[in-house]
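Heads up: the sequence lines are chains R and V, in that order.
One point on numbering: in the UniProt record's numbering, the residue at position 27 of the first sequence is 27, and numbering is uninterrupted.
One point on numbering: in the UniProt record's numbering, the residue at position 32 of the second sequence is 32, and numbering is uninterrupted.
Report on the structure given below.
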Amino acid sequence: MSLNTNQLLKKQKKTILELWMKNQLADEGLREDLISNDELRSQSEELIEALVGNLSSQNVNDLNSDEWSPVIEILGGIAITRARQGFSPRETGNFVFSLKEALLEVLKREITDPQELFKEVLKISRILDNLTVVTFETFIKGREEVILRQTDEIAEISTPVIRVWDGILALPIIGTLDSARTQIVMENLLQEIVDTGSSIAILDISGVPAVDSLVAQHLIKTVSATRLMGAECIISGIRPEIAQTVVHLGIDLSNIITKSTLASALAYAFRVMRLEVKKAAATTNTIR
Amino acid sequence: MILSLSKDTVTVAQEQDVVFLKNRVKEVAVRIKMGLVNQTRLITAASELVRNMMRYANGGKCLIEVVSSGRNNGVRLTFSDSGPGIPDITAAMRDGFSTGKSLGLGLPGTKRLVNEFDIKSKVGEGTIVTIIKWANG
Ligand SMILES: Nc1ncnc2c1ncn2[C@@H]1O[C@H](COP(=O)(O)OP(=O)(O)O)[C@@H](O)[C@H]1O
Ligand SMILES: [Mg+2]
């Protein structure tokens with residue numbers, strides 16, 4: 001930025017803010033549901049303050065330089081917050097685009113020499129374009145954080161331990177059983193065995209798409225841990241194609257009680273616990 | 001002669017990519033009407049190789065191809081990484097051999113699950129594993 005433009009923009013800070021606010025408020029896509037006008041104004045003011053203060057920088061092209069870090073920090077903070085609040089990329093981008101328009105408008109008003117105007121517009125554009133890229137990068141990072149958090153939550157909620165009978169627990173596993181998930185499954189299961197004093201746990205893997213050697217190792221580990229707690233662990237829901245694959249892989253599950261369905265695992269558990277499930281004799285007062 | 005009918009590359013860098021890759025492989029297998037048993041074998045093999053890539057080589061990439069040979073269609077997967085490489089492939093291919101305290105069945109098991117298996121590795125450069133599973137094989 002030439003010294004003149006630099007001072008000009010400093011002097012016109014207020015005008016820039018007003019123009020920018022006008023642009024933002026005029027935008028049909030303004031998310032008044034997500035952000036109050038006051039908040040928007042203070043965010044905008046903070047950014048202009050940092051930006052205009054920085055325009056004297058020679059490093060117009062290199063936003064990685066230290067001088068730019070205050071601006072990037074503020075903008076990044078805004079982008080991350082917006083990502084978390086559920087703003088769309090377009091809405092977030094418009095925040096910076098409308099600032100660019102405000103800045104260009106002020107330059108147009110103040111610089112009369114066309115050649116000079118062009119030069120300065122080019123510089124401002126370059127800076128603002130770079131800032132837009134930063135905004136999107138940070139925005140995406142914010143969205144990724146949201147996704148990661150949800151992944152953790154899903155792992156947490158998708159491993160319920162069910163008391164199917166007094167002394168019998170069932171644990172349906174759905175999806176891939178990775179190391180992190182196994183840890184959660186094992187902890188929940190062992191805790192529940194202690195809490196309920198159960199003697200049999202059924203691990204149902206009908207919802208697991210594939211059993212590779214890692215999943216198998218996790219299953220074996222879980223069974224061993226259950227046994228150490230003095231309970232027996234049955235694995236159910238082994239589909240025929242999974243059984244074949246496991247054999248080909250060379251995995252030895254012969255030390256583990258396996259059943260093809262949850263129902264047959266439950267029947268087995270009943271037998272072990274010497275429980276009998278019988279059809280009740282027909283009584284005369286049954287409603288027909 | 002084996003012809004490649006379609007190509008798709010998936011980069012594997014983090015845990016989430018593993019599931020994504022397995023889903024892509026499944027899609028391709030379903031598209032060429034591979035039966036359920038073969039599908040499961042292929043996906044399990046892919047799972048072994050992608051886990052090795054993540055664990056021992058910090059990630060890499062997988063080329064997914066639909067290939068055809070005569071009247072048979074199949075899926076070819078090429079896993080390549082620029083990890084440390086495998087110093088002794090014969091040992092690594094043995095059942096139970098593991099430097100990672102796991103079952104040591106990934107490579108030998110994968111070989112049993114697929115129709116064609118090829119492994120190339122150079123210490124300090126990386127590892128390339130190629131497998132083919134035919135739809136009716
Ligand atoms: N992509 C790879 N890069 C480097 N080393 C590998 C790679 N894949 C496998 N290995 C080596 O080969 C060994 C055997 O692999 P595998 O049969 O899958 O068993 P496991 O993963 O249980 O150790 C591994 O322990 C590791 O030392
Ligand atoms: Mg392995």
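Think of the CB as a built atom: it goes at the ideal place given N, C-alpha and C, for glycine as much as any other residue.
Legend entry - Residue-level contact to chain V via CB, D204(R), 9 angstroms cutoff: So no, D204(R) is outside the interface.
Inset, instruction - Give me whichever residues DSSP pairs with F117(V) in a beta bridge. - result: BP columns for F117(V) point to I131(V).
Legend entry - Coarse secondary structure for V10(V), derived from DSSP in three states: Reduced to three states, the DSSP call for V10(V) is strand.
Inset, instruction - Can you tell me the Cβ-Cβ gap for R82(R) and F139(R), rounded? I've got them flagged as a contact below 8 angstroms. - result: About 7 angstroms separates the beta carbons of R82(R) and F139(R), which is inside the 8 angstroms limit, making them a contact pair.
Inset, instruction - Give a single yes or no on whether L107(V) has its beta carbon closer than 8 angstroms to a heavy atom of ligand 2. - result: yes
Inset, instruction - Examine ligand 2 and report whether any of its heavy atoms sits within less than 8 angstroms of the Cβ of E192(R). - result: no
Legend entry - Under 9 angstroms between C-beta atoms of G60(V) and G104(V): no
Inset, instruction - Look at V129(V) and K120(V) and say whether their C-beta atoms are less than 9 angstroms apart. - result: yes
Legend entry - Rounded C-alpha distance that separates M1(V) from L128(R): 55 angstroms
Inset, instruction - Answer yes or no: the CB of E46(R) versus the heavy atoms of ligand 2, is any distance below 8 angstroms? - result: no
Inset, instruction - Measure the alpha-carbon distance for R239(R) versus S260(R) and round it to whole angstroms. - result: 6 angstroms
Inset, instruction - Check P89(R) in the structure and name its three-state DSSP category. - result: helix
Inset, instruction - Within its chain, find whatever has a CB closer than 7 angstroms to the CB of L4(V); leave out the 5 residues flanking it on each side and keep chain order. - result: The question names Leu, but residue 4(V) in the sequence shown is Ser. Within the same chain, S4(V) has close Cβ partners E65, V67.
Legend entry - Backbone secondary structure at N94(R) - three-state DSSP: DSSP places N94(R) in helix when its eight states are reduced to three.
Legend entry - F79(V) classed as buried or exposed, judged by whether at least 16 other C-beta atoms fall within 10 angstroms: buried
Legend entry - L214(R): CB within 8 angstroms of a non-hydrogen atom of ligand 2: yes
Inset, instruction - Starting from R163(R), follow its DSSP beta bridges and name the residues at the other end. - result: R163(R) has L169(R) as its beta-bridge partners, per DSSP.
Inset, instruction - Using a threshold of 9 angstroms, state whether the C-beta atoms of I168(R) and I202(R) are closer than that. - result: yes
Inset, instruction - Apply the 10 Å Cβ neighbour rule to L262(R) and answer buried if 16 or more other Cβ atoms are within range, or exposed otherwise. - result: buried
Inset, instruction - Would you mind stating whether N130(R) and D27(R) have Cβ atoms separated by less than 9 angstroms? - result: no
Inset, instruction - Say whether the segment 169-183 of chain R touches the segment 112-122 of chain R, bearing in mind that this needs 3 or more beta-carbon pairs closer than 8 angstroms, one atom from each stretch. - result: no
Legend entry - Residue interval of the alpha helix (DSSP H) (run including G53(R)): Residues 37-54.
Inset, instruction - Could you tell me whether the segment 70-77 of chain V touches the segment 217-237 of chain R, where touching means 3 or more Cβ pairs closer than 8 angstroms? - result: Cβ pair count under 8 angstroms is below three, so no.
Legend entry - Contact residues within the segment 58-69 of chain V, judged by C-beta distance below 8 angstroms to chain R: none
Inset, instruction - Measure the CB-CB distance between L171(R) and L148(R) and report whether it falls below 9 angstroms. - result: no
Legend entry - Residue environment, E48(V), which counts as buried when at least 16 other CB atoms sit within 10 Å: buried
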